[in-house]
Amino acid sequence: MTASEPRPDIAVAGAGVSGTTCAVALSRYGFAVTLIDDQPDAGGQVFRAPSPYARERIRADQERRKGDRIREHLAASGVDHRRATRIWGLTGRFDLDLLGPDGMAQLRAERLVIANGAVERFLPAPGWTTPRVIGLAGASILLRGGGTLPGRSIVLAGSGPLLFSVAHQVLALGGKVAAIVSSAGVGEWIELGTKLYRDAERLLEATRWMAQITAARIPIHYNARISDIQNLEDGVLVTICPKDRRKSSSTVNASILAYGDGLKPTTLLSRAAGARHEYDPSGDYFKPVTDTAGRTDITNLYVTGDAAGIEGAEASRLRGLVTAHAIALDTGRITKAEFDSLAAPALRRLQKLAAISVTMRRLMRSGHDCALAIPDTTILCRCEQVMASAVRQAIAAGARDVNQVKAWTRCGMGPCQGRSCEDGLRQILMESGDISPQDTGILTARTPFFPLPLSTISGEFVYDDIPLPKAAPL
Ligand SMILES: Cc1cc2nc3c(=O)[nH]c(=O)nc-3n(C[C@H](O)[C@H](O)[C@H](O)COP(=O)(O)OP(=O)(O)OC[C@H]3O[C@@H](n4cnc5c(N)ncnc54)[C@H](O)[C@@H]3O)c2cc1C
552 MTASEPRPDI AVAGAGVSGT TCAVALSRYG FAVTLIDDQP DAGGQVFRAP SPYARERIRA
612 DQERRKGDRI REHLAASGVD HRRATRIWGL TGRFDLDLLG PDGMAQLRAE RLVIANGAVE
672 RFLPAPGWTT PRVIGLAGAS ILLRGGGTLP GRSIVLAGSG PLLFSVAHQV LALGGKVAAI
732 VSSAGVGEWI ELGTKLYRDA ERLLEATRWM AQITAARIPI HYNARISDIQ NLEDGVLVTI
792 CPKDRRKSSS TVNASILAYG DGLKPTTLLS RAAGARHEYD PSGDYFKPVT DTAGRTDITN
852 LYVTGDAAGI EGAEASRLRG LVTAHAIALD TGRITKAEFD SLAAPALRRL QKLAAISVTM
912 RRLMRSGHDC ALAIPDTTIL CRCEQVMASA VRQAIAAGAR DVNQVKAWTR CGMGPCQGRS
972 CEDGLRQILM ESGDISPQDT GILTARTPFF PLPLSTISGE FVYDDIPLPK AAPL
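Its first residue numbered 552, the sequence shown is counted upward by one per residue in the numbering used here.
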């Protein structure tokens, strides 16, 4: 049943690197901080705490060590860390509905920092809803967090650095990568390489991955996209279509396909809070409008880390720190001069890293830049089983933005709240060329953010307890 809790000064939503860094810094300023995260341990996507099985199977690397340090700092701080607790509703200023190991709870905070990270995006291809097709970022959770190979052999397709990161993780677990299909060309990858000198650690890591991938003789198809996926009895048959239409398509067989078209900020909470969002052409996604410290247009609401725009793990850590200093300034705990001097090193480093994140976002959006038309018979919205043809009919009948299409077709109305179909929907809306990305809009957020067991709301009951009205006399 619902329990209302004492009011913390600040609630931080998300215990990835940005949220944890922010929460620990805020507690050092003396704030009462509650950090809420749906994972059993802090660390988020990059510094995810591996399961005991994965700990045994995967050698500790730099990320594992950094993640362990983040968790140690958090444990030593005064932060109230709510593990395995999901925020499923947000109303007012700021009432959070939580579902955790002890059931439902409500938390009201004076200030809210949203640090709920990124989510992967997909451009639908024929066959993308068949079994044995998983997300590229999802595959990295299985590999890194669970120490588990998703299949005997795997095709990795799409855009962004996750392609090579996941290839490295598959090889590290002794798996086989049947092919890598990159929508970006060699030149774009080389450009990222030339920017990485600003971040020696990542340059070293990328060099190691590429050496490993070259030694394993993995075929890499640059400037190419997936145009068809067939589900076979014991695997998938993937058709690879070069961007250059003069070149012919080819096929590759594997037990599984992992594909994804980069990342976008998770905007569910910031949308529910009513913050202003805008289209960002550099990443081809919508994001909340914030200043460099994460302040939004709503008083006492901050968004930090990848939830405010995709920049990567190190930048997210720095953003979390700057947001904490900004809150200290906004509440009068430090002066503007103190803020300037405390935030300066992080802001300088962020400026240095900006060239890398701009190139990374360009790589992530390379799939969108060469997207193939989504065939009419392809399912766009998996939750509500809406085909591309239904969306095109709604547009022909006058729908002009994602929310109109959602109301008319139910595309984006299912339990995933448009996380998987919104990008495909936007692509179809823009096909005619007379709707700009900004005008396509962003789907409205609806409570509950995730499917909930009804029993958590209703509590325990037996049918005899339900007072049934007597039938009206005849
Ligand atoms: C699946 C995936 C894999 C990735 N792998 C890599 C990689 O290998 N290398 C790399 O450089 N970048 C990777 N990224 C990008 C990476 O997420 C960021 O650069 C970095 O982790 C951002 O840190 P953050 O703290 O902003 O967010 P995150 O690390 O994503 O942390 C956000 C946290 O919020 C939690 N959360 C979200 N919504 C809710 C909610 N409603 N209730 C409770 N908790 C919630 C999430 O579970 C997560 O723990 C990946 C992204 C994804 C989505």
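Ideal placement from N, C-alpha and C gives every residue a C-beta, glycine not left out. Note that this is a predicted model, so its numbers are computed, not measured.
Spatial neighbours of threonine 572 in its own chain (CB-CB distance under 7 Å, excluding positions within 5 residues in sequence) are listed in chain order as Arg868, Gly871, Leu872. Not one heavy atom of ligand 1 falls within 7 Å of the beta-carbon of arginine 615. Residues whose Cβ lies closer than 5 Å to any heavy atom of ligand 1, listed in chain order: Gly565, Gly567, Val568, Ser569, Asp588, Asp589, Gln590, Gly595, Gln596, Val597, Arg637, Ile638, Asn667, Gly668, Ala669, Ala688, Ser691, Ser716, Gly856, Asp857, Gly863, Ala864, Ser867. Counting along the chain, methionine 655 sits inside the beta strand (DSSP E) bounded by residues 654-659.
Arginine 913 sits buried, since 16 or more C-beta atoms from the chains shown fall within 10 Å of its C-beta. Contact between the region 651-665 and the region 846-861 is present: three or more C-beta pairs spanning the two stretches fall below 8 Å. Fully enclosed alpha helix (DSSP H) runs of no fewer than 4 residues occupy 819-823 of the region 786-859, in order along the chain. Of the residues assessed, threonine 991 falls on the buried side of the cut-off, its CB having 16 or more other CB atoms within 10 angstroms.
Of Arg884, Ala879, Ser833, the smallest CA-CA separation from glycine 860 is found for Ser833. About 6 Å separates the beta carbon of leucine 707 from that of valine 728, a gap short enough to meet the 8 Å contact definition. Under the three-state reduction of DSSP output, serine 602 falls in the coil class, being neither helix nor strand. Rounded to whole angstroms, the Cβ separation of glycine 698 and arginine 827 is 42 Å, and the two are not in contact under 8 Å. Collapsing the DSSP output to three states places arginine 933 in coil. In the structure shown, valine 717 falls within a helical segment according to DSSP collapsed to helix, strand and coil. Burial is judged here by how many other beta carbons sit within 10 angstroms of a residue's own beta carbon; tyrosine 836 has at least 16 and is buried.
When beta bridges are read from the DSSP output, threonine 585 appears opposite Ala562, Asp631. As the crow flies, the alpha-carbon of proline 559 is around 24 Å from that of phenylalanine 1001.
Per the coordinates, the alpha-carbon of tryptophan 959 lies some 46 Å from the alpha-carbon of leucine 722.
In this structure, DSSP gives alanine 626 a helical state, which the three-state scheme calls helix. Cysteine 962 sits away from glutamate 982, with the two beta carbons spaced by 8 Å or more. Isoleucine 731: member of the beta strand (DSSP E) spanning 727-733, first to last residue. Under the three-state reduction of DSSP output, arginine 776 falls in the strand class.
Cβ-Cβ separation between methionine 911 and glycine 711: approximately 7 Å, consistent with a contact (criterion under 8 Å).
In this structure, DSSP gives tryptophan 639 an extended state, which the three-state scheme calls strand. Closest option to valine 597, judged by alpha-carbon separation, among Pro1024, Arg615, Thr636: Arg615. By the Cβ neighbour-count rule, valine 1013 is exposed, with fewer than 16 other Cβ atoms within 10 Å of its own.
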